[in-house]
Every structure is written in structure tokens, then in C-alpha cells.
Amino acid sequence: MVEKKKKSKKKIVLIVLLSIIILLIVGWWAFCVKMYNDNFDISADSYAPLMLRVEDFDGLECAEYFFPSDKGQKLAGYLYTNGDNQHGIVIIAHGFGGGGHNSYMDVADYFARNGYYVFAYDATAMDKSEGEGLGGVPQGVIDLDHAISFVESNNDIPDLPIVLFGHSWGGYCVSAVLTYHPEVKAVIECSGFNSSPDMFESGGKSQAGSVIYTMRPFIGLHERFKYGKYATNTAMDGFDSTDASVMIVHSADDGVIGIEYGLDKYYEKYKDDSRFTFVRFEDRGHNEIFNDPGNTYKDEFNTEFDKWLETLDYDYNAEENKERFIEDKANYITINLDHEKWSHRLDEGLFAQFLGFYEQALR
Numbered sequence: 001m002v003e004k005k006k007k008s009k010k011k012i013v014l015i016v017l018l019s020i021i022i023l024l025i026v027g028w029w030a031f032c033v034k035m036y037n038d039n040f041d042i043s044a045d046s047y048a049p050l051m052l053r054v055e056d057f058d059g060l061e062c063a064e065y066f067f068p069s070d071k072g073q074k075l076a077g078y079l080y081t082n083g084d085n086q087h088g089i090v091i092i093a094h095g096f097g098g099g100g101h102n103s104y105m106d107v108a109d110y111f112a113r114n115g116y117y118v119f120a121y122d123a124t125a126m127d128k129s130e131g132e133g134l135g136g137v138p139q140g141v142i143d144l145d146h147a148i149s150f151v152e153s154n155n156d157i158p159d160l161p162i163v164l165f166g167h168s169w170g171g172y173c174v175s176a177v178l179t180y181h182p183e184v185k186a187v188i189e190c191s192g193f194n195s196s197p198d199m200f201e202s203g204g205k206s207q208a209g210s211v212i213y214t215m216r217p218f219i220g221l222h223e224r225f226k227y228g229k230y231a232t233n234t235a236m237d238g239f240d241s242t243d244a245s246v247m248i249v250h251s252a253d254d255g256v257i258g259i260e261y262g263l264d265k266y267y268e269k270y271k272d273d274s275r276f277t278f279v280r281f282e283d284r285g286h287n288e289i290f291n292d293p294g295n296t297y298k299d300e301f302n303t304e305f306d307k308w309l310e311t312l313d314y315d316y317n318a319e320e321n322k323e324r325f326i327e328d329k330a331n332y333i334t335i336n337l338d339h340e341k342w343s344h345r346l347d348e349g350l351f352a353q354f355l356g357f358y359e360q361a362l363r
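Okay, so the sequence shown: first residue is 1 according to my numbering, each after it adds one.
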């Protein structure tokens with residue numbers, strides 16, 4: 001009888017411990033999902049005072065379209081042209097957090113005036129596209145999948161070879177989407193990453209430290225439940241599904257998407273593969289990687305902006321002045337920004353290299 005009671009107590013203790021462990025795991029999982037949704041299930045609009053404008057690019061024209069993505073949400077698409085005699089189509093996938101495609105209009109202009117149709121779009125819940133929230137990182141691949149299919153089926157757009165260009169989140173998207181579109185001829189992937197959870201991990205390390213590594217498995221499971229095949233598909237899966245030429249561009253000092261998540265990983269596997277071209281910078285960061293290091297306009301504008309801040313007769317950091325400062329800041333930028341200079345900061349030498357890469361791939 002005594003032995004049975006001991007076994008019964010042990011069983012109860014084990015059940016209690018197991019229940020506590022399960023509750024802790026479920027609770028941590030729920031916390032991880034909440035953190036993920038707070039960061040990625042969002043909508044975002046481009047900051048109006050800094051938006052690029054078609055009229056600031058000589059000869060550039062833009063036609064707007066709307067096309068459906070996976071849940072029927074309408075995405076805004078933009079076909080950029082400049083002149084005639086196009087011999088290919090560049091599809092641009094934008095980065096995350098700054099709204100839709102607008103900040104890449106200078107990229108679109110460069111390729112448009114050098115012999116390409118350029119199709120860009122706003123991802124789900126960004127700028128003019130529908131959706132209450134993005135949902136998660138793999139949604140970018142889904143939207144790009146639908147964008148490519150739209151371009152291929154649209155009678156307004158000639159049947160020409162397609163190449164892809166993506167930055168950051170868009171870099172991951174243009175790589176992973178090759179699994180579903182092996183017909184693409186070439187990809188330029190800038191400052192991107194290999195797998196969907198990489199974006200959460202790289203962005204979260206500075207805030208959560210090593211704790212981010214305990215969150216990653218739960219983020220991966222969440223994405224798998226929500227996005228299925230799109231969540232498990234990686235950039236390298238895409239590379240291995242196609243004969244497309246691939247250029248990888250990254251800067252060693254990238255503080256948003258560490259180079260170890262992108263170029264370093266790809267170089268280790270593909271350094272001897274003639275399909276791959278690697279462009280490694282040391283000091284171009286993340287958001288400025290395309291811009292001419294010798295162009296000082298942004299620094300000049302920021303210097304004048306800082307001087308303007310000193311003239312304000314209120315504490316612009318105080319919560320009670322938040323709305324006032326937002327309005328005053330927008331007015332200052334609108335009045336003082338030189339759109340001609342702001343819109344023409346690309347490193348044209350680098351883009352000539354990009355252009356040559358595409359040309360070689362289309363031969």
C-alpha cells in the first residue's frame with residue numbers, strides 16, 4: 001500500500017511538472033507570435049514629404065495597375081517606361097518598413113532609361129495596396145509570385161525576358177520566388193537573407209540579445225502554420241531551382257540584415273558556381289548601399305534640418321508636442337527639400353555594373 005502511494009505521488013508530481021512545462025512552452029510561443037505580429041503584421045505608408053515623384057525624372061512615364069494576390073487583396077502595380085526599344089522587363093521587390101515601392105523609383109528610372117520595362121508594386125498593406133496588415137515575411141514572396149504571373153499574363157506588357165531586382169526583404173523575395181518561377185533569367189539580390197526567420201533574428205538581436213535564438217523555432221512554426229510551403233522555401237532553394245544568373249550585393253557593416261545572413265552564406269556554397277557574382281562592400285550600410293558615396297546632399301540637408309531644430313521654441317521630444325512637431329517637420333521638408341537632388345543620388349557606376357550583368361544574362 002505504501003509503495004502504491006509513493007508511485008501515485010510521483011505520477012502526480014510528473015503530471016504537474018509536465019503541465020507546467022507545457023504551459024511555459026505555450027506561453028512563450030504566444031509571446032513570440034505576439035512579438036512577430038507586432039513587427040510584421042503591419043501596414044505602412046511612404047513618408048509623403050520624402051516621396052519620389054515621376055516628374056523629377058526626365059522622360060519617365062508610369063502606368064498604374066491593380067492585380068490580385070493570394071487572398072484576393074488588390075495590389076497596386078506600376079509599369080515604368082522611358083523611350084522605346086525595350087528588350088527586357090525588370091520586376092522590383094521593395095524592402096520592408098518604409099511603405100511600398102516609392103523609394104525605389106530612382107532604380108526604376110535607371111533601368112527604364114536603359115532599355116527595360118520596369119514593373120514595381122506595393123506589397124500587401126503597403127501604400128496603395130489592400131490589406132489590414134502584411135501578416136508576415138513570407139507574404140512578400142507570395143505577392144511577388146502573383147506580380148510575376150500578372151506581368152506574364154498582361155496583354156499591355158510585351159512578352160520579354162524577365163529579370164528581378166530586390167533589396168532587403170525584397171532581396172529574399174526575388175531569390176525565394178525562383179522556386180515558383182524558374183523561367184526568370186537573372187536576379188540581383190541586395191542586402192537580403194536566406195530564410196524567412198532570418199529577418200526576425202537579424203533585426204531582433206540588438207534588442208533581445210541571445211534570447212532571440214530561443215524565439216526563432218517558434219517563429220518558424222508560426223510561419224509554417226500560416227504560410228505552408230512559402231514559409232519553408234528559402235533563397236537557396238530558389239537558387240537551386242533555376243538556371244538564372246544571380247548577383248549578390250551586401251555590405252559588411254549592414255546593421256539591419258547582417259552579411260552573415262546573406263552574402264557570406266551564399267558565397268560559402270556558390271563561390272565556385274559561374275552563375276553567381278558577388279559584390280561585397282565594407283562601409284555602405286543597408287539603406288544607402290545603392291547611393292553614390294560621393295553624393296553629399298542628404299548630409300547637407302540633415303545639417304540644415306538640425307539647425308532648424310535648434311530654432312524651435314518648444315521641446316519637440318515632449319509627448320504633448322508630438323503632433324505639432326510632426327506637422328512642423330513635414331512642412332519644413334516640403335518647403336526645403338530639393339527634389340531634383342534628392343531623386344538623383346544613385347551610384348551610377350554600380351548600376352552600370354548591374355546593367356551589364358542583366359545584359360550578359362539575356363544574351
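Glycine included, C-beta positions come from ideal geometry on N, C-alpha and C.
Less than 7 Å between the C-beta atoms of Val141 and Ile162, yes or no?
As a working note, residue 141 is residue 141 in the sequence shown. As a working note, residue 162 is residue 162 in the sequence shown. No, they are not a contact pair.
Would you kindly check if the distance between the Cβ of Ser46 and the Cβ of Gly95 is under 7 Å?
Here residue 95 refers to the residue found at position 95 when the sequence shown is read from its first residue. Here residue 46 refers to the residue found at position 46 when the sequence shown is read from its first residue. No, these two residues do not count as a Cβ contact at 7 Å.
Using only CA atoms, which one of Leu134, His339, Ser175 lies nearest to Asp58?
Locating residue 58 in the sequence shown gives position 58, counting from the first residue. The option with the nearest alpha carbon to Asp58 is His339.
Based on Cα-Cα distance, which residue from Tyr110, Asp41, Ser168, Ala186 lies nearest to Asn274?
In the sequence shown, the residue the question calls residue 274 occupies position 274. One point to set straight first is that residue 274 is Ser, not Asn, in the sequence displayed. Taking only the C-alpha atoms, the option nearest Ser274 is Ala186.
Does the beta-carbon of Phe351, which I'm using as the reference point, lie nearer than 6 Å to any heavy atom of the ligand SAM?
The ligand SAM is absent from the structure shown, which contains no ligands of any kind.
Quick one: complete alpha helix (DSSP H) runs, 4+ long, within the segment 173-242?
Fully enclosed alpha helix (DSSP H) runs of 4 or longer: 196-208, 211-227, 229-232, 235-239.
Enumerate, from N- to C-terminal direction, the unbroken alpha helix (DSSP H) stretches of 4 or more residues contained entirely within the segment 286-316.
Counting whole runs of 4 or more residues, the segment 286-316 contains the alpha helix (DSSP H) stretches 297-311.
Beta-carbon of Lys271 versus every beta-carbon of chain C: anything under 7 Å?
The structure shown contains no chain C; it holds only a single protein chain.
Going straight from the alpha carbon of Ala252 to that of Glu288, what length do you get?
As a working mapping, residue 252 is identified with position 252 in the sequence shown. As a working mapping, residue 288 is identified with position 288 in the sequence shown. Rounded to whole angstroms, Ala252 to Glu288 spans 13 Å at the Cα level.
Considering only DSSP beta bridges, list what Met247 is partnered with.
The sequence position of residue 247 within the sequence shown is 247, counting from 1. Beta-bridge pairing links Met247 to Ile188, Thr277.
From Lys34 to Leu346, what does the alpha carbon distance come to, in whole angstroms?
Translated into the one-based positions of the sequence shown, residue 34 becomes position 34. Translated into the one-based positions of the sequence shown, residue 346 becomes position 346. One C-alpha to the other measures close to 38 Å.
Contact between the segment 105-125 and the segment 71-88: three or more CB pairs below 8 Å?
The segment 105-125 is in contact with the segment 71-88.
Excluding sequence positions up to five away, which residues of its chain have a Cβ less than 6 Å from the Cβ of Val256?
Here residue 256 corresponds to residue number 256 of the sequence shown, with the count starting at 1. The answer, listed in chain order, is His286.
Using the rule of at least 16 other Cβ atoms within 10 Å of the residue's Cβ for burial, across every protein chain shown, is Phe193 buried or exposed?
Taking the first residue of the sequence shown as 1, we reach residue 193 at position 193. Under this definition Phe193 is a buried residue.
With distance defined between alpha-carbon atoms, name the residue in Ser19, Glu132, Glu61, Met51 nearest to Ile42.
As a first step, residue 42 must be located in the sequence shown, where it is residue number 42. The shortest Cα separation from Ile42 among Ser19, Glu132, Glu61, Met51 belongs to Glu132.
Can you give me the C-alpha to C-alpha distance between Glu152 and Tyr230, rounded to a whole angstrom?
Your numbering for residue 152 matches position 152 in the sequence shown. Your numbering for residue 230 matches position 230 in the sequence shown. Distance between the alpha carbons of Glu152 and Tyr230: 21 Å.
Is DSSP giving Ala76 helix, strand or coil here?
Within the sequence shown, residue 76 is the residue found at index 76, counting from 1. Of the three classes helix, strand and coil, the one that applies to Ala76 here is strand, per DSSP.
Does the distance from the CB of Phe276 to the CB of Val246 come in under 7 Å?
Within the sequence shown, the letter at position 276 stands for residue 276. Within the sequence shown, the letter at position 246 stands for residue 246. Taking 7 Å as the Cβ cut-off, Phe276 and Val246 qualify as a contacting pair.
Tell me which residue opens and which closes the alpha helix (DSSP H) that Tyr121 is part of.
The sequence position of residue 121 within the sequence shown is 121, counting from 1. Per DSSP, Tyr121 belongs to no alpha helix (DSSP H); it is in the beta strand (DSSP E), 116-121.
Which of helix, strand or coil does DSSP assign to Gly88?
Position 88 of the sequence shown, counted from the start, is the residue given in the question as residue 88. Note: Gly88 maps to strand in three-state DSSP.
What is the residue span of the beta strand (DSSP E) that Glu64 lies within?
Mapped onto the sequence shown, residue 64 falls at position 64. Taken as a continuous stretch (DSSP letters only), the beta strand (DSSP E) holding Glu64 covers 61-68.
Would you kindly report the start and end of the unbroken alpha helix (DSSP H) that includes Phe354?
Position 354 of the sequence shown, counted from the start, is the residue given in the question as residue 354. Where Phe354 is concerned, the enclosing alpha helix (DSSP H) stretches over 348-362.
Since Phe111 is in the alpha helix (DSSP H), which residue starts that stretch and which ends it?
As a position in the sequence shown, residue 111 is number 111, starting the count at 1. Unbroken alpha helix (DSSP H) run through Phe111: 105-112.
Please go through the same chain and pick out, in chain order, the residues whose beta-carbon is closer than 6 Å to the beta-carbon of Leu79, but skip the five residues on each side of it.
The sequence position of residue 79 within the sequence shown is 79, counting from 1. These residues qualify, in order along the chain: Ala63, Phe119.
Would you say Ser195 and Thr242 are within 7 Å of each other, going by their C-beta atoms?
For this step, residue 195 is matched to residue 195 along the sequence shown. For this step, residue 242 is matched to residue 242 along the sequence shown. Not in contact: Ser195 and Thr242 (Cβ atoms no closer than 7 Å).
Please report how far the alpha carbon of Asp283 lies from the alpha carbon of Val16, in whole angstroms.
If you number the sequence shown from 1, residue 283 lands on position 283. If you number the sequence shown from 1, residue 16 lands on position 16. Rounded to whole angstroms, Asp283 to Val16 spans 54 Å at the Cα level.
Could you give the residue range of the alpha helix (DSSP H) that holds Val141?
As a first step, residue 141 is located in the sequence shown; it is residue number 141 there, counting from the start. First-last of the alpha helix (DSSP H) with Val141: 139-153.
From Tyr116 to Leu50, what distance separates their C-alpha atoms?
On the sequence shown, position 116 is the one that residue 116 refers to. On the sequence shown, position 50 is the one that residue 50 refers to. Approximately 26 Å, taken between the alpha carbons.
Quick check: the segment 352-363 against the segment 64-79, are there 3 or more CB pairs under 8 Å?
Flag = no, the segment 352-363 and the segment 64-79 do not touch.
Quick check: what's the CA-CA separation for Ile188 versus Glu55?
Position 188 of the sequence shown, counted from the first residue, corresponds to residue 188. Position 55 of the sequence shown, counted from the first residue, corresponds to residue 55. Distance between the alpha carbons of Ile188 and Glu55: 27 Å.
Mind checking who Leu18 pairs with in its DSSP beta bridge?
The residue you call residue 18 lines up with position 18 of the sequence shown. Note: Leu18 sits in no beta bridge, so no partner.
If distances are taken between C-alpha atoms only, which option among Tyr316, Gly349, Ala30 comes closest to Gly107?
Your numbering for residue 107 matches position 107 in the sequence shown. What sits at residue 107 in the sequence shown is Val, not Gly. If we check each option's Cα against that of Val107, Gly349 comes out closest.
At which residues does the alpha helix (DSSP H) containing Phe325 begin and terminate?
One-based indexing of the sequence shown puts residue 325 at position 325. Its alpha helix (DSSP H) spans residues 322-336.
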